[in-house]
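Going down the list, the sequences are from chains A and B. Our numbering numbers the first residue of the first sequence as 110 and each following residue consecutively. Our numbering numbers the first residue of the second sequence as 8 and each following residue consecutively. Even for Gly, the Cβ is constructed at its ideal location relative to N, Cα and C. Note that the coordinates shown come from a computational prediction; the quantities given were computed from them, not determined experimentally. What follows is a short report on a single structure.
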Amino acid sequence: MDYFTIFVEYRLRLAKRMLFNKKGSLIGAVLAVTIGILVIHVNFVIFQGLFDAIVRDISNYRNGDILVTDEADYIDKSDLSVVNWFERIPYVEAATPRLSSTAEINMTKNGKLIEETRIPIVGIDPYRDIRASTVHETVAEGSYVFARNSIVLGSNVARDLGGAEVGDSVKVLVVDRNGEDQIRRFTVTGIAQSPGGQGFDYTAVVHIDTLRDMMKRDGETGSFMIKLNDPSKALEVKEFFLRSFPNDDFLAETIEESAEEQLAGFRSGIAMINMIGYFGMMSSAFAIVTIQMMLVNGKTREIGVMRSIGAKRKDILIIFIFQGMIIGAIGAGVGTAAGLGYTFYAKETKMSFNNSLPLEVSYNWEKIIQTALTSFVLAIIASLYPSYRATKLLPVEAMRTV
Amino acid sequence: MSKIYGQGENQVNALDNVTFSIEKGEFVLIVGSSGSGKSTLLNMIGLLDRPTYGKIFIDGTDTTKLDDNKISSFRNNKLGFIFQFSNLLSDLTVLENVLLPRQIARTNNSAEEDAKKLLNAVGLENQMNKRANKISGGQAQRAAIARGLINSPSIVLADEPTGNLDSVTSEKIVQLMKTMAKELNQTFIVVTHDRQHFGDVDRVITIKDGHAFEGDLPSEVGVLV
Ligand SMILES: Nc1ncnc2c1ncn2[C@@H]1O[C@H](COP(=O)(O)OP(=O)(O)OP(=O)(O)O)[C@@H](O)[C@H]1O
Ligand SMILES: [Mg+2]
Numbered sequence: 110m111d112y113f114t115i116f117v118e119y120r121l122r123l124a125k126r127m128l129f130n131k132k133g134s135l136i137g138a139v140l141a142v143t144i145g146i147l148v149i150h151v152n153f154v155i156f157q158g159l160f161d162a163i164v165r166d167i168s169n170y171r172n173g174d175i176l177v178t179d180e181a182d183y184i185d186k187s188d189l190s191v192v193n194w195f196e197r198i199p200y201v202e203a204a205t206p207r208l209s210s211t212a213e214i215n216m217t218k219n220g221k222l223i224e225e226t227r228i229p230i231v232g233i234d235p236y237r238d239i240r241a242s243t244v245h246e247t248v249a250e251g252s253y254v255f256a257r258n259s260i261v262l263g264s265n266v267a268r269d270l271g272g273a274e275v276g277d278s279v280k281v282l283v284v285d286r287n288g289e290d291q292i293r294r295f296t297v298t299g300i301a302q303s304p305g306g307q308g309f310d311y312t313a314v315v316h317i318d319t320l321r322d323m324m325k326r327d328g329e330t331g332s333f334m335i336k337l338n339d340p341s342k343a344l345e346v347k348e349f350f351l352r353s354f355p356n357d358d359f360l361a362e363t364i365e366e367s368a369e370e371q372l373a374g375f376r377s378g379i380a381m382i383n384m385i386g387y388f389g390m391m392s393s394a395f396a397i398v399t400i401q402m403m404l405v406n407g408k409t410r411e412i413g414v415m416r417s418i419g420a421k422r423k424d425i426l427i428i429f430i431f432q433g434m435i436i437g438a439i440g441a442g443v444g445t446a447a448g449l450g451y452t453f454y455a456k457e458t459k460m461s462f463n464n465s466l467p468l469e470v471s472y473n474w475e476k477i478i479q480t481a482l483t484s485f486v487l488a489i490i491a492s493l494y495p496s497y498r499a500t501k502l503l504p505v506e507a508m509r510t511v
Numbered sequence: 008m009s010k011i012y013g014q015g016e017n018q019v020n021a022l023d024n025v026t027f028s029i030e031k032g033e034f035v036l037i038v039g040s041s042g043s044g045k046s047t048l049l050n051m052i053g054l055l056d057r058p059t060y061g062k063i064f065i066d067g068t069d070t071t072k073l074d075d076n077k078i079s080s081f082r083n084n085k086l087g088f089i090f091q092f093s094n095l096l097s098d099l100t101v102l103e104n105v106l107l108p109r110q111i112a113r114t115n116n117s118a119e120e121d122a123k124k125l126l127n128a129v130g131l132e133n134q135m136n137k138r139a140n141k142i143s144g145g146q147a148q149r150a151a152i153a154r155g156l157i158n159s160p161s162i163v164l165a166d167e168p169t170g171n172l173d174s175v176t177s178e179k180i181v182q183l184m185k186t187m188a189k190e191l192n193q194t195f196i197v198v199t200h201d202r203q204h205f206g207d208v209d210r211v212i213t214i215k216d217g218h219a220f221e222g223d224l225p226s227e228v229g230v231l232v
């Protein structure tokens with residue numbers, strides 16, 4: 110025995126020894142904390158991962174990091190000037206114009222005419238779109254829109270048209286600004302399909318100038334999708350844009366803002382799931398209470414001996430609270446390690462469910478630390494009652510003959 | 008001093024108006040039949056329990072007036088205990104057990120030296136780093152004696168210290184206690200069934216039905232008022 114062992118806090122040493130000499134109880138208590146933490150991590154990976162995956166896809170396919178629209182339905186400023194204005198900013202990766210409408214599409218296949226109404230149709234700029242959006246990557250067969258008469262059909266649209274394939278010819282009807290039907294013939298150049306269906310699976314994509322033509326909206330644009338190389342600057346860029354065009358009726362939203370509107374329900378769902386996680390933590394706290402009560406009951410006589418040789422109530426209290434701290438610290442460590450292991454696994458394997466969209470897994474360190482600290486504190490709180498009970502044991506317990 | 012357990016029909020007058028005083032350095036045996044009140048008396052003197060009536064003075068302090076914290080400190084530095092069973096904390100080593108009263112007192116000065124000296128004196132120099140539940144009953148009682156002495160208490164109290172041992176080991180423990188008492192001029196109050204093992208002692212107090220009598224019963228009886 111050395112200098113250190115004598116002077117190290119004897120209550121801590123006793124707490125540690127009592128705990129480590131009862132391996133079963135220690136493992137049980139640590140496991141309880143671990144599972145509580147693991148549940149929270151798994152919930153987070155799955156549900157926050159799903160949420161972030163949807164936000165990621167909305168951003169990649171539709172809204173960019175910033176979406177610019179107009180108070181009126183259409184922007185009449187030249188798309189080149191808006192795009193150039195944005196692309197001068199170092200944070201901006203690319204900007205691209207888009208125009209949306211609704212179409213009626215029909216196709217004759219094997220002598221049978223199939224017509225589908227109310228198909229969302231999006232006009233894109235082939236050169237810019239592939240830089241600001243990843244929709245082109247969802248084209249499973251064929252290629253993205255490249256010519257004035259090429260059309261990319263969402264996989265569901267293609268299916269509903271009786272199995273449209275690359276090379277097929279379709280007729281598209283759009284109502285122009287004067288209320289007149291405009292019909293054009295397109296060649297299917299690609300079929301778009303995205304895991305999770307957040308992409309253009311239910312949409313048809315054509316060249317923006319063709320759609321402008323059909324809608325009689327030359328030079329007009331529905332929205333601009335802005336992709337940043339540093340998404341954290343979205344708010345800054347947006348504010349700068351709005352300040353720079355005070356006289357236009359532009360609207361601009363960051364992806365956080367636009368996703369928040371679309372996914373508010375999902376968010377409250379996540380809050381519910383988190384509640385369940387915290388209930389899990391509470392039940393591990395109860396497990397600790399039970400296990401520690403057993404420890405205290407098993408040490409009745411020894412507590413009496415400690416009291417008889419002069420340990421105060423406070424000393425006994427501290428010994429058992431130290432035990433709570435040890436359980437909490439080990440549990441928080443093991444639980445966090447297990448949670449991080451699961452998170453790492455989910456991220457590396459690009460985890461998804463039923464081949465649906467791959468989860469957007471992230472390490473939320475603030476939440477990870479908060480979870481670990483919460484369960485540590487909870488373990489200490491859980492040890493308060495057993496510790497208090499231990500202080501109520503009388504010194505005469507030392508005299509018990511059995 | 009009196010101690011009454013329970014109430015009403017279940018009331019037991021375990022000690023009934025017991026009065027006596029013990030001088031520093033005396034080796035006192037407390038004897039009596041089972042259930043006579045010996046342990047109760049020792050608990051009172053050891054401040055493990057409080058008397059129902061009366062007062063207990065130790066080194067001139069009226070201990071019945073002390074609060075729980077003060078009593079704990081008092082037990083820690085004025086009293087040493089040796090019990091019949093499991094005196095030691097099984098999670099600690101023998102040496103750590105002996106050191107414990109010092110650590111509770113937070114007077115670590117030369118604690119390890121003192122502990123080793125005492126462990127030498129009780130013949131446990133080769134056992135001190137063993138865990139307390141890995142030594143024999145006789146060795147545990149030796150360790151308990153060492154622990155009882157580490158804070159140089161005013162009184163060492165022992166309740167049936169040999170009650171759990173074979174007669175050869177008992178003999179050795181008794182001799183050890185008597186030797187330590189003499190060497191250190193240490194007050195011992197020992198409750199025992201083994202009157203004969205102790206041979207000559209300074210004083211014997213016999214308890215009978217909650218009353219205390221001076222000397223061995225039945226031969227020489229002097230009632231303590
Ligand atoms: N906690 C208690 N509650 C109620 N009665 C008690 C309690 N402790 C002791 N008694 C009673 O008080 C009396 C004295 O008990 P005590 O333990 O002092 O006897 P003892 O002389 O030590 O006996 P033994 O030699 O068997 O140890 C007995 O009648 C016992 O039943
Ligand atoms: Mg007894």
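| Query | Result |
| --- | --- |
| Leucine 99 of chain B and alanine 128 of chain B closer than 8 Å at C-beta | no |
| Isoleucine 63 of chain B in three-state terms, based on DSSP | coil |
| Cα-Cα separation, alanine 112 of chain B to lysine 45 of chain B | 29 Å |
| First through last residue of the alpha helix (DSSP H) which encompasses tyrosine 494 of chain A | 474-500 |
| Chain-ordered list of residues that sit, by beta carbon, closer than 7 Å to a heavy atom of ligand 2 | B:Lys45, B:Ser46, B:Asp166, B:Glu167 and B:Val198 |
| Contact test: tyrosine 60 of chain B Cβ vs ligand 1 heavy atom, cutoff 7 Å | no |
| Assumed close pair threonine 52 of chain A, glutamine 302 of chain A - CB separation to whole angstroms, cut-off 8 Å | Shown here, chain A extends from 110 to 511; a query on residue 52 of chain A therefore has no answer. |
| For aspartate 111 of chain A, three-class secondary structure by DSSP | Confidence is the limiting factor: at aspartate 111 of chain A the pLDDT is only 49, short of 50, which leaves the residue's position unreliable and the question unanswerable from this model. |
| Proximity test, Cβ basis, 8 Å: glutamate 227 of chain B and chain A | In this prediction, glutamate 227 of chain B scores a pLDDT of 45, lower than 50, which makes its location untrustworthy; the coordinate-derived value is nonetheless stated afterwards. Chain A contact via Cβ: absent. |
| C-beta neighbour in chain A for isoleucine 162 of chain B, strict 8 Å | no |
| Per DSSP, the bridge partner or partners of glutamine 291 of chain A | A:Val283 |
| Contacts that aspartate 174 of chain A makes with chain B (C-beta to C-beta distance below 8 Å) | Correct list: empty, because the minimum Cβ distance to chain B is about 60 Å. |
| Neighbour list for proline 504 of chain A in chain B, Cβ cutoff strictly below 7 Å | Leu55 |
| Within 8 Å, strictly: CB atoms of alanine 212 of chain A and isoleucine 230 of chain A | yes |
| Cα-Cα separation between phenylalanine 255 of chain A and alanine 249 of chain A, rounded to whole angstroms | 15 Å |
| Touch test, the segment 165-181 of chain B against the segment 193-202 of chain B, Cβ-Cβ under 8 Å, three pairs minimum | yes |
| Coarse secondary structure for glutamate 167 of chain B, derived from DSSP in three states | coil |
| 7 Å CB neighbourhood of asparagine 172 of chain A in its chain, flanking five on each side removed | Met334, Ile364 and Ser367 |
| Cβ pair methionine 390 of chain A, leucine 482 of chain A closer than 8 Å | no |
| Counterpart residues of glycine 39 of chain B in DSSP-defined beta bridges | B:Ile214 |
| Ligand 1 heavy atom lying under 7 Å from the CB of serine 134 of chain A | no |
| Contacting positions in the segment 412-436 of chain A - beta carbon closer than 9 Å to chain B | Gly413, Val414, Met415, Arg416, Ser417, Ile418, Gly419, Ala420, Lys421, Arg422, Lys423 and Asp424 |
| Proximity to methionine 187 of chain B [Cα-Cα], best of B:Asn136, B:Thr71 and B:Ile157 | B:Ile157 |
| contact_flag[the segment 122-129 of chain A, the segment 422-433 of chain A] where n(CB pairs < 8 Å) is 3 or more | yes |
| Minimum Cβ-Cβ distance from isoleucine 439 of chain A to chain B less than 8 Å | no |
| Member of A:Thr178, A:Gln371 and A:Val151 whose CA lies at the smallest distance from the CA of aspartate 358 of chain A | A:Thr178 |
| beta-carbon tyrosine 494 of chain A near ligand 3 non-hydrogen atom, thresh 7 Å | For the structure depicted, ligand 3 is absent and the ligand set comprises only ligand 1 and ligand 2. |
| Between the CA atoms of isoleucine 65 of chain B and arginine 410 of chain A - distance to the nearest angstrom | 26 Å |
| Secondary structure of lysine 10 of chain B, DSSP reduced to three states | strand |
| Three CB pairs or more closer than 8 Å across the segment 36-56 of chain B and the segment 175-184 of chain B | no |
| Which residues DSSP lists as bridging phenylalanine 34 of chain B, in chain order | B:Phe195 |
| Short Cβ contact (8 Å threshold) for valine 211 of chain B with valine 38 of chain B | yes |
| Residue from A:Phe295, A:Ser259 and A:Gly386 with nearest C-alpha to valine 281 of chain A | A:Phe295 |
| Among A:Thr298, A:Leu135 and A:Ala361, nearest to phenylalanine 350 of chain A - alpha-carbon criterion | A:Ala361 |
| Contacting positions in the segment 475-504 of chain A - beta carbon closer than 9 Å to chain B | Leu503 and Pro504 |
| Span of the beta strand (DSSP E) around asparagine 215 of chain A | 201-218 |
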